[in-house]
Amino acid sequence: MKLVVTVGGKAETVDITGGHGRYRVALGDRVWDVDARFVSPTLCSLLVDGVSYVAEVTDDDGAQIVGLEGETYPIEVDEPVRHSIRTRAGGVSAAGGQLVKAPMPGKISHVAVRRGDRVERGDTLVVVEAMKMENELKAAVAGIVSDVRVTAGQPVNPGDVLVIVEPHA
Numbered sequence: 202m203k204l205v206v207t208v209g210g211k212a213e214t215v216d217i218t219g220g221h222g223r224y225r226v227a228l229g230d231r232v233w234d235v236d237a238r239f240v241s242p243t244l245c246s247l248l249v250d251g252v253s254y255v256a257e258v259t260d261d262d263g264a265q266i267v268g269l270e271g272e273t274y275p276i277e278v279d280e281p282v283r284h285s286i287r288t289r290a291g292g293v294s295a296a297g298g299q300l301v302k303a304p305m306p307g308k309i310s311h312v313a314v315r316r317g318d319r320v321e322r323g324d325t326l327v328v329v330e331a332m333k334m335e336n337e338l339k340a341a342v343a344g345i346v347s348d349v350r351v352t353a354g355q356p357v358n359p360g361d362v363l364v365i366v367e368p369h370a
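Using the numbering used here, read the sequence shown as starting at 202 and increasing by one per residue.
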């Protein structure tokens, strides 16, 4: 199974094979043998290439927060197609705002914000239905919605601007 894992803003494709607690994890040219078992809903016992670790894993609005050896890492895990859709939807400008664009042809199924709304990073802005999938396009920055250019039911084409978020003043 291939996944896109984002840590500290850097996305990497990870290939995981195996099952039943025993996995081979490949990241680029690095490969690890991993034995992973949840011993409680939030604690995972890991044996990575013979070295033992205990990780605390919690969910924070879709991001996994992993505590390991006294450090905390927010990690986002996506399927490659979802990651591609999410990242093609528009990036953060040099001024710190966000221009959210349609990543592919589809139809707006839900608009979650209005002009003037305050949003936090990770808040859903708009939902686009494409290829029989609902794709939530989320805020990449905290800010204020300065423009909403679509309504529910409206068809969109790739690159159409859907929502503009300006950074908090």
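Where a beta carbon is used, it is the ideal one built from N, C-alpha and C, also for glycine. Keep in mind that this is a model prediction, so the values were computed, not measured.
Asn336 is bridged by DSSP to Val329. At the C-beta level, Val346 and Val366 come within 8 Å of one another. Distance from the CA atom of Lys203 to the CA atom of Val282, rounded to whole angstroms, is 10 Å. Given a length threshold of 3 residues, each whole run of the beta strand (DSSP E) inside the region 219-259 is given here in chain order: 223-228, 231-239 and 244-249.
In this structure Thr243 is in contact with Val258, their Cβ atoms being roughly 6 Å apart against a cut-off of 8 Å. Taken atom to atom, the span from the alpha-carbon of Arg225 to that of Ser253 is near 16 Å. For the pair Asp216 and Ala227, the Cα-to-Cα distance works out to about 5 Å.
A Cβ-Cβ separation of about 6 Å places Val357 in contact with Gly307 under the 8 Å criterion. For Asn336, the closest alpha carbon among the candidates Leu248, Val349 and Ala313 is that of Ala313.
Sequence-distant partners of Gln355 (beyond 5 residues in either direction) whose C-beta falls short of 8 Å from its own C-beta, in its chain, are Lys308 and Ile309.
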